[in-house]
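If you want my numbering, it's the position in the sequence shown, counting the first as 1, plus 574.
Worksheet: one structure, shown below.
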Amino acid sequence: MTIAIDAAEISANSGADLAEALVDTPFDTAIGPVRFTKSHELETNPFTLMRWTGERFEPAVTVE
Numbered sequence: 575m576t577i578a579i580d581a582a583e584i585s586a587n588s589g590a591d592l593a594e595a596l597v598d599t600p601f602d603t604a605i606g607p608v609r610f611t612k613s614h615e616l617e618t619n620p621f622t623l624m625r626w627t628g629e630r631f632e633p634a635v636t637v638e
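In structure tokens form, the structure reads like this:
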């Protein structure tokens, strides 16, 4: 919701459409800074698949 409100404000102030306001703009959120690429995808995904080793979480190994 924070991103939508901020992007709408940027769009209104700059005259750019909402989708353009999202691109390469850093948004401060509760999970940290979020930025979108020109293809409107997250630049860095804050969610990473982890597995519990019995002692700690480690990045999960994916098989292709």
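Think of the CB as a built atom: it goes at the ideal place given N, C-alpha and C, for glycine as much as any other residue.
Bridge partners - Pro607, DSSP secondary structure assignment: Asp602
Go through its chain and collect everything with a Cβ distance to Ala581's Cβ below 8 angstroms, but skip five positions before and after it. Leu592, Ala595, Leu596, Thr599, Phe601
Tell me Arg625's beta-bridge partners as DSSP assigns them. Glu632
Looking only at its chain, what residues have a beta carbon closer than 6 angstroms to the beta carbon of Pro607, apart from the 5 residues adjacent to it on each side? Pro600
Compare the beta carbon distance of Glu615 and Arg609 with 7 angstroms and say whether it is the shorter of the two. no
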